[in-house]
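Novice: I have a structure I would like to understand better, so I am pasting it below and will then ask my questions one at a time.
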Amino acid sequence: CQLFAFRFPRTGTLGDLRARLERIVWGNDPLVTRVPPPARPVIRHYLQSFFTRMPSDFDLRGASLGNLVIAGGYLRCGRRMEPVIRRLSHLCAVRGTVRPVVNGSFHLVAQLQDGRRLVGQHLLTGKEVPPIPVPVVQVYLTRESRQDRPVEVTISPAVKRLIREAELICYPMGSFYSSLIANLLPRGVGEAIQENPCPKIYLPNVGADPEQLGLSLSRCVETLLAYLQRGCSRPVPAEKLLHFVLIDSRHAQAFPPRECARIRRMGIELLDRPLITGQSAPCWDEERLVPLLLSLLKER
Numbered sequence: 134c135q136l137f138a139f140r141f142p143r144t145g146t147l148g149d150l151r152a153r154l155e156r157i158v159w160g161n162d163p164l165v166t167r168v169p170p171p172a173r174p175v176i177r178h179y180l181q182s183f184f185t186r187m188p189s190d191f192d193l194r195g196a197s198l199g200n201l202v203i204a205g206g207y208l209r210c211g212r213r214m215e216p217v218i219r220r221l222s223h224l225c226a227v228r229g230t231v232r233p234v235v236n237g238s239f240h241l242v243a244q245l246q247d248g249r250r251l252v253g254q255h256l257l258t259g260k261e262v263p264p265i266p267v268p269v270v271q272v273y274l275t276r277e278s279r280q281d282r283p284v285e286v287t288i289s290p291a292v293k294r295l296i297r298e299a300e301l302i303c304y305p306m307g308s309f310y311s312s313l314i315a316n317l318l319p320r321g322v323g324e325a326i327q328e329n330p331c332p333k334i335y336l337p338n339v340g341a342d343p344e345q346l347g348l349s350l351s352r353c354v355e356t357l358l359a360y361l362q363r364g365c366s367r368p369v370p371a372e373k374l375l376h377f378v379l380i381d382s383r384h385a386q387a388f389p390p391r392e393c394a395r396i397r398r399m400g401i402e403l404l405d406r407p408l409i410t411g412q413s414a415p416c417w418d419e420e421r422l423v424p425l426l427l428s429l430l431k432e433r
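Residue numbers for the sequence shown follow this note's numbering, so the first one is 134 and each next one is one higher.
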């Protein structure tokens, strides 16, 4: 849906951006008029819930409209995320099952190499503030934005069952800590993953990710495995948590041979495929990537 992918421009006045959002809320913008019923009224109601609570000085520059819809639904549903995701998944005909890893409100804390602690993923991603100047040492969850005390969160039996029954586990590209590792932090995720014998594959970032400052390809794999191990009740072999790392050796800058050799020594297989094309570079070509992932299912 084009509406969910839309981002407000980073230029323009706050007043102009607020006026655009108001037109969307009241159904007077092509972005929302193109949304077919029955999704349109639900999306508008969720946006209205956000808009009526939005501070007058809220900065909409670069904001994701899809995230605003979800935030509005979260507020409208009594600060519960699961019913919002379930309803939007149904209305947008999303294939498969979409669930939050935990149904709660927490903040991501990043401890940096210089000792500083950043509370909130917006301070880590390099999108809203300048990129971090030193590497991340560790990340964890906290309950309050004004303190950085770690909190332990456990996944529900229903989420654990979904992970155990998955046909393929994919650790995808994206912001390394705030998108990938954050979802592995709740207790029970690593345990459920290691109990599932399905294929498990890591798709490394091939573009620039500010969060990966100081991390080589092999260090990314080691970090991924370390956080997965934390979620297990006892140490488990790496091959229980990760089977494959996808590479395209034609792009040696992204996949240095020395780094690939280190990954092989961990007992992890490298899938070397020509999946970065002239049209997709520097990213993976999704039209080639999807068939590869589906082929892993057939090999089970």
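Think of the CB as a built atom: it goes at the ideal place given N, C-alpha and C, for glycine as much as any other residue.
Which class does Val354 belong to by DSSP, given the choice of helix, strand or coil?
Specialist: Looking at Val354 - three-state DSSP - the assignment turns out to be helix.
Novice: Taking the continuous beta strand (DSSP E) assigned at Leu379, which residues delimit it?
Specialist: 377 to 380 is the extent of the beta strand (DSSP E) around Leu379.
Novice: What does the Cβ neighbour count give for Arg177, buried or exposed, with the cut at 16 atoms within 10 Å?
Specialist: Label assigned to Arg177: buried.
Novice: Take Gln280 as the anchor and find which of Asn200, Val262, Phe239, Phe309 has the nearest alpha-carbon.
Specialist: Looking at the Cα atoms, Phe239 is the closest of the given residues.
Novice: Please state if the CB of Ile380 and the CB of Leu403 are separated by a distance shorter than 8 Å.
Specialist: Yes; because the gap between Cβ atoms is below 8 Å, this pair is in contact.
Novice: How many Å lie between Arg297 and Asn161 at the Cα?
Specialist: Those two C-alpha atoms are separated by around 45 Å.
Novice: If Gly321 sits next to Thr356, beta carbons under 8 Å apart, how far is it from one beta carbon to the other, in whole angstroms?
Specialist: Between Thr356 and Gly321 the Cβ distance is about 20 Å, and since that is not below 8 Å, they are no contact.
Novice: What separation, rounded to the nearest whole angstrom, lies between the Cα atoms of Gln327 and Ile396?
Specialist: When rounded, the distance between both Cα atoms is 19 Å.
Novice: Mapping the DSSP letters down to three states, classify Gln271 as helix, strand or coil.
Specialist: Here Gln271 sits in strand by DSSP.
Novice: Taking Cβ to Cβ, would you say Pro343 is nearer than 8 Å to Cys353?
Specialist: It is not a contact, given that the beta carbons lie outside the stated cut-off.
Novice: For Leu429, which option in Leu361, Gln386, Ile302, Ser222 has the closest C-alpha, if you only look at C-alpha atoms?
Specialist: Checked all of Leu361, Gln386, Ile302, Ser222; the closest Cα to Leu429 is Ile302.
Novice: Quick one, which of Leu208, His223, Ala196 has its alpha-carbon nearest Pro170's?
Specialist: Taking only the C-alpha atoms, the option nearest Pro170 is His223.
Novice: Just grab the DSSP bridge partners of Gln244 for me.
Specialist: Arg250, Gln271.
Novice: On the criterion of 16 or more Cβ atoms from any shown chain inside 10 Å, does Val284 qualify as buried, or is it exposed?
Specialist: Counting Cβ neighbours within 10 Å, Val284 comes out exposed, since fewer than 16 surround it.
Novice: Between the C-alpha atoms of Val269 and Val242, what's the straight-line distance to the nearest angstrom?
Specialist: The alpha-carbon atoms of Val269 and Val242 are separated by roughly 10 Å.
Novice: Counting Cβ pairs closer than 8 Å, one from the segment 190 to 198 and one from the segment 137 to 149, do we hit at least three?
Specialist: In short, these stretches touch, since the Cβ pair count reaches three.
Novice: Mind checking whether Glu181 and Gly205 have CB atoms under 8 Å apart?
Specialist: Inspection of the sequence shows that residue 181 is occupied by Gln rather than by Glu. For Gln181 and Gly205, yes; Cβs fall inside 8 Å.
Novice: Label Val423 either buried or exposed according to how many other C-beta atoms from any shown protein chain fall within 10 Å of its C-beta, with 16 as the threshold for buried.
Specialist: It counts as exposed.
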